[in-house]
Structures are given as C-alpha cells and as structure tokens.
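A.B. asks: Mind looking over this structure? Questions follow.
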C-alpha cells in the first residue's frame, strides 16, 4: 500500500503541471500520508529536526505580556475569594440568625409537631393493619372451606369410580366364565360401522342396505340414491 | 391399572381352533394378573390386502378385541408373546382413554366470518397491534401542504 501511495504522490507532483491543459488527466488521491501503523522510514530514523531560532526582542515582549496577564488574573481571583469570605461572615441574607434559646424553642416545636403527625399516622396504620388482618382471616377461612369442599368432591368422585367399577366387575371375564364368554362372542359378532346421509340419519352396520333392517324410514327415491352412493363410497 | 384394548386378527380357522386360540390368549393375559373386561368378535372377512405372516400368506381373517386392565410394564411382554403366536396375524395394544367432552358449535362455525367470535377476536388483536398515527388536528381530512 505504501508503495502504491508513494507512486500516486509522486505522480501527482509530476502531473500538476500536466493536467492544467487537459480535462482528461484527472487523478484522485485518497491517501495523502502513509498509514499510522507504519514505522518511521529508514532514511528518516536518525534525523534530528533543526530548532527554529526566535527573535530575541519578540521573545522578551511575549514574556512581558504573559507575566502581566498572569499577575492580573491572580490578583483578581484573590480579591474575589476574600470578598466571598467577608460576605459569608457578615450578612444574614440566606439564613436567619437565632439565639440558642430561640433555637431550642424552635426545635421543641418541630418535635411536637412531628410527634403529632406520628401519632395520627400510627392510628391510621393500626386501623389499616387491623382491617387487613380481618380480611386475611376471612380469606384464609374461605380458602380452607374451598379446600374442604374440593377434597369432599374428590372423594365423592373416587367413590363414584369405585362404585362403578364394582358394578362393572360383575361382567368381568374370570377364568370360570372364559368359555362361556368366548362362546358368546363367537355367537354374537359386533359391528361398529355406520354411515350417515345428508339429513344426519345413521345407518348402523357394515352391510346395511337402504330400506333393510335397521334403516330409518325414508320418503322419496332421491334420498335412497344418496344412501346408495354413500354405501358405495364405504 | 390403566385399561388397554388388544385388537388382533386371527388366521382363518375352524371354530374349535378359534376357541382354543382365544382361550390361550385370554389365559396368558389372566396369568399375568390382569383383569379382562370384555371380549368382542368383530366378524370374519377378507383382509384388506394379502398378509404374509409367520411364513404363510393370509387372505382372510377373524377380528377380535380384548379389553383388559394391566400394568403398563407388561404391555411389551404381551406384544412379544402374541408376536410369537403363529395363529395371530396382526396384533396391536391401544390405551383406552376417557372420551373428551365437547359441545357442538357447528351453528357458530357456519356463520359468516364477520359474525364469528374468533374472527372478531383476531380483528381486535390486529387493531391493537397497529401503530398510533400522528394527527395534525387541522380539522381537515387531508394534509393541506405539499408533502
């Protein structure tokens, strides 16, 4: 990058005279200096810049002006500081000066007022705390009652389940009943299939034909066709 | 104990064989300390497709369900045991759950969209999400200056 930059710089200096006549030879220079992270060039490493000589008269004049300015500013600041101190001691503009007795009386008055306030607030607070306590007690009682009712309902539901199961247990298939149950099942096949028509009629059975056994009564040939299509789709 | 339902398809057999297979299956369930609630026969008919099971091709089958209560840990044992039975073509155990209670809301769902409650809620949500627009308070319904 440095190499290209220097190239650009050198070209710029050369082209300055060149470009004056021509509108084509525009060159844009983005980097006028080498980047910050590059070290000092080797050729400039041991160069000591020469100190500029100052005019002795001018130096003396600048020194005189500087001294004058410093002196005046110092005296002004000292004056202002002393004035503030003096005012603080003498004036009573920003505070009331009281005798010790008056101060004591004022303090007592403030204390009494504070006590009165405190008592008033304490009464209010006690009332509020009492009220909150009662509310809390009511709420706790309500929750206990609700819990009791919930528990009773739960027990009732459990009892209901147990009763139902005991009732059902008569139909459970034990080892003794197994043979009869198998015979019964083989003799009575169950069919959960059914179909619906557009009126919401239910046709139970896998092979139920319209107008056959278990069919709802119907009117009109149109609906029978609908059923037939439904059957066909099943 | 949770309730389960064993749905199985038995191969085509004569009646005494069918009875013995059912008895074997039910007794293996009872032997594990389970309770059989019900035994149902769903009929004998052609299978939906030919099924090759235990090296035999089946085209007809008898459908049975056995409802029973059992410990959940024994279900995989049952599946394994019935999988070895050469008379059982297909077997699957389902858990029986309480049917959910629901109410028919078809009348509300058939209303035009603007009258449906869920659509109205959605419109409200969309209104709430809109950014507040700046009002000029100029008394005009248009912006009087060039924009």
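Protein chains in written order, with the working numbering: chain A, 1 to 234; chain B, 235 to 381. Ideal placement from N, C-alpha and C gives every residue a C-beta, glycine not left out.
(1) Ends of the alpha helix (DSSP H) at residue 282 of chain B?
(2) Rounding to the nearest angstrom, what Cα-Cα distance links residue 378 of chain B and residue 369 of chain B in this structure?
(3) Locate the alpha helix (DSSP H) running through residue 298 of chain B, then write down its first and last residues.
(4) Scan the stretch 265-291 of chain B for residues whose Cβ lies nearer than 9 Å to a Cβ of chain A and list them as they occur along the chain.
(5) From the DSSP output, in three-state form, read off residue 41 of chain A for me.
(6) Could you give the DSSP three-state label for residue 238 of chain B: helix, strand or coil?
(7) Which residues of the stretch 238-263 of chain B have a Cβ closer than 9 Å to any Cβ of chain A? Give them in chain order.
(8) Starting from residue 89 of chain A, follow its DSSP beta bridges and name the residues at the other end.
(9) Which residue from A:88, A:205 and A:181 puts its Cα closest to that of residue 190 of chain A?
(10) Would DSSP call residue 320 of chain B helix, strand or coil?
(11) Taking only beta-carbon positions, decide if residue 173 of chain A is within less than 8 Å of chain B.
(12) Counting only C-beta atoms, is residue 158 of chain A closer than 8 Å to chain B at any point?
(13) Give the secondary structure of residue 107 of chain A by DSSP, where H, G and I count as helix, E and B as strand, and everything else as coil.
(14) Just the C-alpha distance for residue 295 of chain B and residue 259 of chain B, rounded to the nearest angstrom, thanks.
(15) Where residue 374 of chain B and residue 360 of chain B are concerned, what is the direct C-alpha to C-alpha distance, given to the nearest angstrom?
(16) Using a Cβ-Cβ distance under 8 Å, would residue 234 of chain A count as near chain B?
(17) Along the stretch 178-193 of chain A, what residues have a CB closer than 9 Å to any CB found in chain B?
(18) Per DSSP, what kind of secondary structure is residue 243 of chain B in: helix, strand or coil?
(19) Look at the alpha carbon of residue 13 of chain A and the alpha carbon of residue 70 of chain A, and state the distance between them as a whole number of angstroms.
(20) With distance defined between alpha-carbon atoms, name the residue in B:339, B:256 and B:300 nearest to residue 245 of chain B.
(21) Taking just the CA atoms, how far does residue 320 of chain B sit from residue 268 of chain B?
(22) Using DSSP bridges, identify the partner residues of residue 203 of chain A.
C.D. replies: With the given structure in hand:
(1) Run containing residue 282 of chain B: none in the alpha helix (DSSP H); it sits in the beta strand (DSSP E), 269-287.
(2) 13 Å
(3) Segment 290-303 is the beta strand (DSSP E) holding residue 298 of chain B; no alpha helix (DSSP H) there.
(4) For the stretch 265-291 of chain B, the set of residues with a beta-carbon nearer than 9 Å to any beta-carbon of chain A comprises 269, 270, 271, 272, 273, 274, 275, 276, 277, 278 and 279, in chain order.
(5) coil
(6) strand
(7) 249, 252, 253, 256, 257, 260 and 261
(8) None; residue 89 of chain A has no bridge partner.
(9) A:205
(10) coil
(11) So yes, residue 173 of chain A belongs to the interface.
(12) no
(13) helix
(14) 16 Å
(15) 27 Å
(16) Annotation note: pLDDT 46 at residue 234 of chain A (below 50); position unreliable, no value reported.
(17) 178, 179, 181, 182, 183, 184, 185, 186, 187, 188, 189, 190, 191 and 192
(18) Note: residue 243 of chain B maps to strand in three-state DSSP.
(19) Only weak support exists for where residue 13 of chain A lies, its pLDDT of 46 falling under 50; the value from the coordinates is given anyway. Their Cα atoms are separated by approximately 48 Å.
(20) For residue 245 of chain B, the closest alpha carbon among the candidates B:339, B:256 and B:300 is that of B:256.
(21) 23 Å
(22) A:195
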